[in-house]
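Note that the working numbering numbers the sequence shown so that position 64 is 69, with each residue one more than the last. One structure is given below, encoded as structure tokens.
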Amino acid sequence: MRKGYAHKLFNVQPENGLSDYLSKRIELEKVIKQTSIAGLDFISRGMIPPNPAELLMHHRMGDFLNWANEHYDMVILDTPPILAVTDAAVIGNYAGTTLLVARFELNTTKEMTIAFKRFDQSGINVKGCILNGIVKKASSYYGYGYHHYGYSYKEK
Numbered sequence: 006m007r008k009g010y011a012h013k014l015f016n017v018q019p020e021n022g023l024s025d026y027l028s029k030r031i032e033l034e035k036v037i038k039q040t041s042i043a044g045l046d047f048i049s050r051g052m053i054p055p056n057p058a059e060l061l062m063h064h065r066m067g068d069f070l071n072w073a074n075e076h077y078d079m080v081i082l083d084t085p086p087i088l089a090v091t092d093a094a095v096i097g098n099y100a101g102t103t104l105l106v107a108r109f110e111l112n113t114t115k116e117m118t119i120a121f122k123r124f125d126q127s128g129i130n131v132k133g134c135i136l137n138g139i140v141k142k143a144s145s146y147y148g149y150g151y152h153h154y155g156y157s158y159k160e161k
């Protein structure tokens with residue numbers, strides 16, 4: 006609900022989204038948007054609110070997620086980084102599985118350690134990590150190499 010851009014990936018408008026539902030501007034049925042992918046619905050961020058963390062802690066968020074779990078096979082929640090704001094810690098309490106996303110050559114091991122600790126302090130068990138943003142460069146080497154080993158006999 007902060008700087009969300011996922012609506013662009015699905016080619017839908019950001020208006021009439023989650024923040025609008027949580028702040029009681031519109032009803033739930035009006036926030037669900039169909040995408041061009043069969044069977045995939047999407048809810049955009051809505052208007053950027055002055056108090057996103059407070060909205061996420063509202064009982065309407067729990068009501069919404071209970072409804073979504075009853076009506077969908079899978080519900081994926083995307084949050085801002087836990088090191089930036091508290092949204093992931095709030096939402097993580099609703100999630101069945103929490104995964105941490107790290108960007109290749111950007112996030113440090115120290116940042117990842119702190120992120121895991123923040124989730125742990127919130128009582129959230131992170132099940133795994135997704136490494137994204139990997140760019141294969143022409144100078145990069147992936148795979149296995151061949152090494153030549155030799156041996157010889159010493160004469161006695």
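Just so you know, even glycine gets a beta-carbon here, dropped at the ideal spot from N, CA and C.
Beta-carbon proximity of residue i to residue j, cut-off 9 Å
| i | j | result |
| --- | --- | --- |
| G67 | Y26 | no |
| F124 | A93 | yes |
| L136 | E116 | no |
| K132 | L104 | yes |
| P86 | A120 | yes |
| L33 | W72 | yes |
Limits of the beta strand (DSSP E) - the one that residue i falls within
| i | result |
| --- | --- |
| N16 | Where N16 is concerned, there is no enclosing beta strand (DSSP E), given that its DSSP letter is neither H nor E. |
| L136 | 131-137 |
Cα-Cα separation, residue i to residue j
| i | j | result |
| --- | --- | --- |
| V106 | C134 | 6 Å |
| H12 | T84 | 14 Å |
| N74 | K141 | 38 Å |
| H64 | G9 | 22 Å |
| G138 | N21 | 30 Å |
| F109 | L14 | 21 Å |
| H153 | T114 | Note that H153 scores a pLDDT of 45, beneath 50, so its modelled location is shaky; the value from the coordinates is reported in the next line. Computed Cα separation, rounded: 35 Å. |
| Y77 | V17 | 20 Å |
Residue span of the alpha helix (DSSP H) that contains residue i, given as start and end
| i | result |
| --- | --- |
| L45 | Neither: L45 is in no alpha helix (DSSP H) and is coded neither H nor E. |
| S127 | S127 -> no alpha helix (DSSP H), and no H or E assigned at all. |
| S24 | 23-27 |
Whole-angstrom C-beta distance between residue j and residue i, which should lie under 8 Å
| i | j | result |
| --- | --- | --- |
| A58 | T91 | 5 Å |
| D46 | K38 | 7 Å |
| I96 | L111 | About 22 Å separates the two Cβ atoms, so there is no contact after all. |
| S49 | P19 | 5 Å |
| I53 | N98 | Rounded, the Cβ-Cβ distance is 23 Å, inconsistent with contact. |
| L61 | S28 | About 11 Å; that fails the 8 Å criterion. |
Every unbroken beta strand (DSSP E) inside the segment 62-117 [3 residues or more]
Correct list: 103-108.
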